[in-house]
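>
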Amino acid sequence: MRATWRWFGPRDLCTMANVRQVGAKAVVSALHHIPDGELLTSEEIENRQNEVRFLPDGTASGLEWEIIESLPVSEDIKRQSGAWRAHIQNYKASLANLANAGIKTVCYNFMPILDWTRTNLRHELPNGATCMRFDLDDFAAYDLFVLQRSGAENDYPENVRERAKQRYFSFSNGEIELLSSSIMCGLPGAKRQKVEDVLDALSLYKNINEDLLRKHLIDFLSEVIPTAERLGMKMACHPDDPPFPLLGLPRITSTESHYKTMLEAVNSPANGMALCTGSLGVRSDNDLPGMIDRLGDKLHFLHIRNVVSEETIAASEPQRLHNFYESEHLTGNVDLVALIKAALAEEKRRRDRGEEHWEIPFRPDHGLDILDDIGRGTQPGYPTIGRMKGLSEINGIIYASAH
Ligand code: DNO
Ligand code: MN
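Under this note's numbering, read the sequence shown as residues 4 to 406, first letter to last.
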């Protein structure tokens, strides 16, 4: 398995001088300053490649940018509105420029509006570490009383609505601000801070149900996958985080059967999955090691982290309505030993078939804020030390399983 590390570019507080010490073999990065839908030029790609290759003083880092996460799919493409056709052309041209630069694995997602969603970015655990957490009562408080989204009442059972109300009216203004900005954080570029902007963005999805969104995904894949295949690239679709519907938006990448549909619709070695254990692992009906067995060579990228599901809030909807927090890698819902064994078995199958690129790239997805990273202000989920601890634990499992 090939250990990689996400690096957000020169402004990342985890510098490339740090990254070369964490135990990763390659870098995952993106060009987030380029607006979604626009072309990634060869110059921009080369700039980032050099920022990865060389420390500011010119020393070689010994690392290469191997995976782009994300090459974002624009909202226009997801909705098939506005400039979506031009954006698809740009996507294909960006793929060609990336492949030309040697970057052949592309992670993307098809979540409407929100990328990931949490209600608290710095939830304190008993040992003083902080992590990201999702609390349904808080989320419902935001949805029902801050956003005041019409129809939101129908999405929560009576007990959740009642608790959300009590919570909202016990919040101070500062807490409401904090809650809102935590939820907004998963918006691409965290651009939409204002309630009206979120409501506007949501209204654009009012006629898009699950089937239609899936059709838009399949249309997108029918366009870009042949290009990716010709270029020898691997497209890796990241799952919904969390893997259940929020804000009335459709979800189409939350379960194995969702993936089966999208992978079979456009059958190509280029059409695959980024299996994110922390996203999918929130649902107990997702069998992650089994998914790896069944995905086979469609597993293009692995995100490894763990989550703890807290109490089930509505017994009638155990998969949907519950709180969770991001836990240490070796404690939580996901059996990482079983998962890594499944990934190693898949690598063996690839080697037995004589494949040249048999290694499965993975990265420690998020980490907890611990030690000197506490209060340092790294990107939520992306502290240096907590992720490095996770990576070391994963590397230990791989080492022990392979010997
Ligand atoms: C969360 C992260 C995501 C991921 C994007 C990929 O688990 O891995 O933010 O980067 O969804 O498109
Ligand atoms: Mn992930």
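A virtual CB, placed ideally from N, CA and C, is assigned to each residue, including glycine.
1) Ligand 2 and G335: does the residue's C-beta get closer than 7 Å to at least one heavy atom of that ligand?
2) Apart from the five residues just before and just after N21, which ones in its own chain have a Cβ nearer than 7 Å to its Cβ?
3) Can you check DSSP and say which residues form a bridge with E165?
4) For C110 versus F304, is the C-beta spacing smaller than 8 Å?
5) I'd like to confirm something about H406: is its beta-carbon nearer than 7 Å to some heavy atom of ligand 2, or not?
6) For P386, name the three-state secondary structure that DSSP assigns.
7) DSSP state of I377, grouped into three classes?
8) CB of C484 to nearest heavy atom of ligand 2: below 7 Å?
9) Between E362 and the rest of its own chain, which residues show a CB-CB distance below 6 Å, the 5 nearest in sequence each way excluded?
10) So R170 and D140 are supposed to be a Cβ contact under 8 Å. How far apart are they, rounded?
11) Secondary structure at M391, three-state DSSP: helix, strand or coil?
12) Would you tell me roughly how many angstroms separate the C-alpha atoms of R390 and M276, rounded to the nearest one?
13) Is N112 close to ligand 1? I mean its beta-carbon at under 7 Å from any heavy atom of the ligand.
14) Quick one: what's got a C-beta closer than 6 Å to L371's C-beta in the same chain, skipping five residues either side?
15) Which partner residues does I307 have in the DSSP bridge list?
16) Keeping to the same chain, check which residues put their C-beta closer than 8 Å to that of I228; ignore five residues upstream and five downstream.
17) Just to confirm before moving on: does the CB-CB distance between R217 and T258 stay below 8 Å?
18) Beta strand (DSSP E) containing S45: first to last residue?
19) Which one of S206, N50, G26, E41 has the shortest CA to CA distance from P13?
20) Tell me whether L201 sits in a helix, a strand or coil according to DSSP, three-state version.
21) Would the stretch 243-251 and the stretch 92-102 be scored as touching if the rule is three or more Cβ pairs under 8 Å?
22) Helix, strand or coil for Y94? Go by DSSP, reduced to three states.
23) Between the stretch 340-348 and the stretch 290-306, do at least 3 Cβ pairs fall closer than 8 Å?
24) Counting only C-beta atoms, is M238 closer than 8 Å to chain D at any point?
25) Kindly confirm or deny that the stretch 30-38 and the stretch 49-63 touch, where touching means at least three C-beta pairs closer than 8 Å.
26) Under 7 Å: does the beta carbon of D243 sit that close to some heavy atom of ligand 2?
27) Less than 7 Å between the CB of S257 and some heavy atom of ligand 1, yes or no?
28) For the beta strand (DSSP E) containing E72, name the first residue and the last one.
Looking at the atomic coordinates:
1) no
2) Cβ-Cβ distances below 7 Å link N21 to T387 in the same chain, with the five nearest sequence neighbours on each side left out; the list follows chain order.
3) The partner list for E165 (beta bridge, DSSP) is empty, contrary to what the question assumes.
4) Pairing C110 with F304 gives a Cβ-Cβ distance under 8 Å.
5) no
6) In the structure shown, P386 sits in coil (DSSP, three-state: anything other than H, G, I, E or B).
7) coil
8) The displayed coordinates of the chain run from 4 to 406. Any statement about residue 484 would go beyond what the structure contains.
9) Excluding residues within five positions, the ones whose Cβ falls inside 6 Å are R5.
10) 5 Å
11) Here M391 sits in helix by DSSP.
12) In a straight line, the C-alpha of R390 is about 22 Å away from that of M276.
13) yes
14) A132, C134, G389
15) P367
16) Excluding sequence neighbours, I228 sits near M238, V269, S271, A273, N274.
17) Contact: no.
18) It is not in any beta strand (DSSP E) - S45 instead sits in the alpha helix (DSSP H) that spans 45-56.
19) N50
20) Strictly speaking, residue 201 in this sequence is Val, with Leu absent from that position. Helix at V201.
21) The stretch 243-251, when compared against the stretch 92-102, does not touch it at the 8 Å Cβ threshold.
22) Secondary structure at Y94: helix, using DSSP grouped into helix, strand and coil.
23) yes
24) Although the question refers to chain D, the structure presented lacks it and comprises just one protein chain.
25) The stretch 30-38 vs the stretch 49-63: in contact.
26) no
27) no
28) According to the DSSP assignment, E72 belongs to the beta strand (DSSP E) that extends over 68-72.
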